[in-house]
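When we follow full-length UniProt numbering, the leftmost residue of the sequence shown carries the number 1, and every step to the right adds one. From the three backbone atoms N, C-alpha and C, an ideal C-beta is built for every residue, glycine too. Working notes, structure below.
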Amino acid sequence: MRDNGIGFTHQSDTDTFFEKVVRKVEDDFGKLPNGDVIKIEKAYRSWFDFAMNPTITDAHDRILVISDHFIDMDDAAHRQEIQNRLNQLQTSAKTVAFAAQYLSEAIHDYFDATNALGMSCADRINLHESRVGSTREAWTAAGETHPEGRYRGLGDFQGS
């Protein structure tokens with residue numbers, strides 16, 4: 001996975017707090033997946049186009065048409081061998097078409113989930129950032145800071 005940062009583009013005092021929270025999550029649970037939804041969507045669209053291409057979706061029918069040309073062939077031994085191989089190829093073509101569509105659905109589900117998670121995190125971060133900012137302003141106005149210079153209530157992440 002690439003290191004694209006943690007996804008915060010705001011420049012405020014609370015960015016440091018949220019960055020420390022994310023770093024703590026990474027320390028506890030490991031590297032978070034890359035949430036580049038633009039690239040994930042591009043991958044989905046590319047794979048979807050491949051999976052839905054008639055060359056893939058119709059290949060088994062085309063192979064069947066070719067196989068039918070050998071039905072009246074006089075050389076029974078060779079005809080059977082050719083049709084057996086075409087049947088195997090037809091089965092493989094069906095499998096590729098099915099697998100391509102199945103993978104396309106999985107990539108789309110991953111895109112949707114990543115996008116929803118990103119939006120949910122951004123919404124919650126923005127909500128909490130505004131709350132932290134308002135609380136900080138109230139404490140500053142009242143002159144109430146932690147003895148170490150931290151704002152009370154931000155917990156261990158602020159001092160880590």
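Item: Which of helix, strand or coil DSSP assigns to residue 161; Value: Look at the range of the chain in this structure, 1 to 160, and you will see that residue 161 is not part of it.
Item: 7 Å CB neighbourhood of A100 in its chain, flanking five on each side removed; Value: F50, A51, I56
Item: Candidates D61, I107, L103, A113, of which the one nearest Q88 by Cα; Value: D61
Item: Touch test, the stretch 61–74 against the stretch 97–114, Cβ-Cβ under 8 Å, three pairs minimum; Value: no
Item: Cα-Cα separation between H108 and H78, rounded to whole angstroms; Value: 45 Å
Item: Inter-residue spacing [alpha-carbon to alpha-carbon] between M73 and F111; Value: 51 Å
Item: Candidates I82, A43, I71, T91, of which the one nearest A106 by Cα; Value: A43
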